[in-house]
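One structure is given below, encoded as structure tokens.
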Amino acid sequence: MIAIFGLLLGIVLGLVLEPTLPAMLQPYLPIMLVAAMDAIFGAARAYLEGTFVDKVFVVSFLSNVLIAALIVFIGDRIGVGAQLSTGVVVVLGIRIFNNAAAIRRALLRA
Amino acid sequence: MPEPETPRRPRLGRSGRLVGAARRRQARRPSGVEDEQALDSTTNEAPAAAVVSSDEHALLTDEVSSAPSRDVRQAQHRPLPTWRRMLRDLVRPSRAQAVMALILCLCAMATVWQVRARASDQAYSQMRRPELVAMLEQLNTNSGQLRDEIRRLETTKRELQTGANTTRVAQEQARKRVQELQILAGTAPAQGPGVTITIADPQGKVSPELLLDAIEEMRDAGAEAIDLNGVRVVASSWLGRGTDGIVVDGVPIEAPYVLVVIGDPQTLEEGARFRGGLVSQAQAPQVGAQVTIRQSDELTITSLHTPKAPQFARPA
Numbered sequence: 004m005i006a007i008f009g010l011l012l013g014i015v016l017g018l019v020l021e022p023t024l025p026a027m028l029q030p031y032l033p034i035m036l037v038a039a040m041d042a043i044f045g046a047a048r049a050y051l052e053g054t055f056v057d058k059v060f061v062v063s064f065l066s067n068v069l070i071a072a073l074i075v076f077i078g079d080r081i082g083v084g085a086q087l088s089t090g091v092v093v094v095l096g097i098r099i100f101n102n103a104a105a106i107r108r109a110l111l112r113a
Numbered sequence: 053m054p055e056p057e058t059p060r061r062p063r064l065g066r067s068g069r070l071v072g073a074a075r076r077r078q079a080r081r082p083s084g085v086e087d088e089q090a091l092d093s094t095t096n097e098a099p100a101a102a103v104v105s106s107d108e109h110a111l112l113t114d115e116v117s118s119a120p121s122r123d124v125r126q127a128q129h130r131p132l133p134t135w136r137r138m139l140r141d142l143v144r145p146s147r148a149q150a151v152m153a154l155i156l157c158l159c160a161m162a163t164v165w166q167v168r169a170r171a172s173d174q175a176y177s178q179m180r181r182p183e184l185v186a187m188l189e190q191l192n193t194n195s196g197q198l199r200d201e202i203r204r205l206e207t208t209k210r211e212l213q214t215g216a217n218t219t220r221v222a223q224e225q226a227r228k229r230v231q232e233l234q235i236l237a238g239t240a241p242a243q244g245p246g247v248t249i250t251i252a253d254p255q256g257k258v259s260p261e262l263l264l265d266a267i268e269e270m271r272d273a274g275a276e277a278i279d280l281n282g283v284r285v286v287a288s289s290w291l292g293r294g295t296d297g298i299v300v301d302g303v304p305i306e307a308p309y310v311l312v313v314i315g316d317p318q319t320l321e322e323g324a325r326f327r328g329g330l331v332s333q334a335q336a337p338q339v340g341a342q343v344t345i346r347q348s349d350e351l352t353i354t355s356l357h358t359p360k361a362p363q364f365a366r367p368a
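For the record, the sequence lines run as chains A and B. The first sequence begins at 4 in my numbering and counts up one residue at a time. The second sequence begins at 53 in my numbering and counts up one residue at a time.
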């Protein structure tokens, strides 16, 4: 229940606050969002499998997001930013699909 | 794997160890119907777990988060408790849920920001490189022209303000303006670079509409003075069909039609030649005219337009 409220609050805040993203962060936010999505799907899977621990989740969430941004940042510095961000998105995408499959199996047994 | 329906289905499958404990307990019991069920544990765990006493339910809730993976696999076989567990966890506040709420809040906020940031600069990011280059060049040209104009106007302003030769400057400005307006109104001869467009009409099918289109296209391409077969074309000029041919401002004209246009020759020619423009319309099989375009560095238009004093409009 609190989690759903949190989600709604986030959407409302995003709509109301209308911030201008810091230029520094702008190229990395999309990749950080994909990493965050991966972490959230992973958390849902762990919850359904009964292995969810909130501390682990927070740490893995933050580290995934930061590492994803860091990879793209370094890629930008050495001139392969576009390729590296594609790579990160592909890897995270595969993980998201795997997690989604596990969630589906746990929920629907299909 | 199909499961036997049990009339009373306790919360099970959340901890395989519990099931194991229940099974051990059953093994210790004297033989009976339930022993068979206990032995058949792989397919029939539900009845075995169904006899778990209530004190073990308490144990079950404690071990939720640390269930080993082997038991997880067993747990997946059982129907429905996942949903029930989710529902129960959803309505019961916990630290994990608060953490989840915080993270989801952050993610939702960031996603909304990102979506909005993208939506705002969508217009340019969707364009292709050549379009962007063309647009940039256009803007550069515009800004260059505007900067020139600013400089010119500032010079004029300074000269007018210094007052030393205010009258002379003002007169010069007025004279220049009169000249510009005379060319525009067609009351003065004009000379300059431009193009001569000759439309030969062997089949006699060139219509006033086609000539009007041609004039409009020349105006779009920046024509400053236009002469059609010796008639100066101005803002109030009209074309029509007379008894034996085309009439411009009341003067009948005959083929070949010669348009003398003063303006940037390159732009004017392009304005006539673009696909679907004057040349392709006139040379279409239905019309069958021949169009020749000659660029010149120096053209002179001597024909004049006699303006009529406005009958109704007064300077406001």
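For every residue, glycine included, the Cβ atom is placed at its ideal position computed from N, Cα and C. Predicted, not measured: the structure shown is a model, and the values here were computed from it.
For the pair Gly-78 (chain A) and Leu-69 (chain A), the CB atoms are not nearer than the 8 Å cut-off.
Within the region 157-172 of chain B, Cys-157, Leu-158, Cys-159, Ala-160, Met-161, Ala-162, Thr-163, Val-164, Trp-165, Gln-166, Arg-168 and Ala-169 place their CB atoms closer than 8 Å to a CB of chain A, listed in sequence order. In summary, the residues of the region 16-39 of chain A whose CB is separated from some CB of chain B by less than 9 Å are Leu-16, Gly-17, Leu-18, Leu-20, Glu-21, Pro-22, Thr-23, Leu-24, Gln-29, Leu-32, Pro-33, Met-35, Leu-36 and Ala-39, in the order they occur in the chain.
The beta carbon of Val-91 (chain A) lies closer than 7 Å to those of Ile-34, Ala-71, Ile-74 and Val-75 in the same chain, with the five residues before and after it left out. Your pair Asp-272 (chain B) and Trp-290 (chain B) does not check out as a contact, with CB atoms roughly 18 Å apart and the cut at 8 Å. Counting along the chain, the unbroken beta strand (DSSP E) around Ala-277 (chain B) starts and ends at 277-280.
DSSP places Ser-348 (chain B) within a strand segment (E or B) once states are collapsed to three. DSSP, reduced to helix, strand and coil, places Thr-250 (chain B) within a strand of the structure shown. Along the region 56-75 of chain A, going in chain order, the ones with a CB nearer than 8 Å to a CB of chain B are Val-56, Asp-57, Phe-60, Val-61 and Phe-64.
Assignment of beta strand (DSSP E) within the region 203-268 of chain B, counting only whole runs of 3 or more residues, yields 242-252 in chain order. In the three-state reduction of the DSSP assignment, Gln-335 (chain B) falls in the coil class, being assigned neither a helical nor a strand state.
The beta carbon of Ala-42 (chain A) sits closer than 8 Å to the beta carbons of Phe-60, Ser-63, Phe-64, Asn-67 and Val-68 from its chain, once the five residues preceding and following it are set aside; these are given in chain order.
Under the three-state reduction of DSSP output, Gln-149 (chain B) falls in the helix class. Setting aside the 5 residues that flank it on each side, Ala-266 (chain B) is surrounded in the same chain by Leu-330, each with a C-beta closer than 6 Å to its C-beta; the list follows chain order. Under DSSP, Gly-294 (chain B) forms a beta bridge with B:Gly-297.
Taking a 10 Å sphere around the C-beta of Leu-198 (chain B), we find fewer than 16 other C-beta atoms and assign the residue as exposed. Contact between Ile-278 (chain B) and Ala-324 (chain B) is ruled out by a C-beta separation of about 12 Å, above the 8 Å threshold.
Counted as a single uninterrupted DSSP element, the stretch harbouring Tyr-309 (chain B) is not any alpha helix (DSSP H) but the beta strand (DSSP E) occupying residues 309-314.
Taking the Cα of Gln-29 (chain A) as reference, the smallest distance to any Cα among B:Val-167, B:Met-152 and B:Leu-139 is reached at B:Val-167. Residue environment analysis places Arg-210 (chain B) among the exposed positions, since fewer than 16 neighbouring C-beta atoms fall within 10 angstroms of its C-beta.
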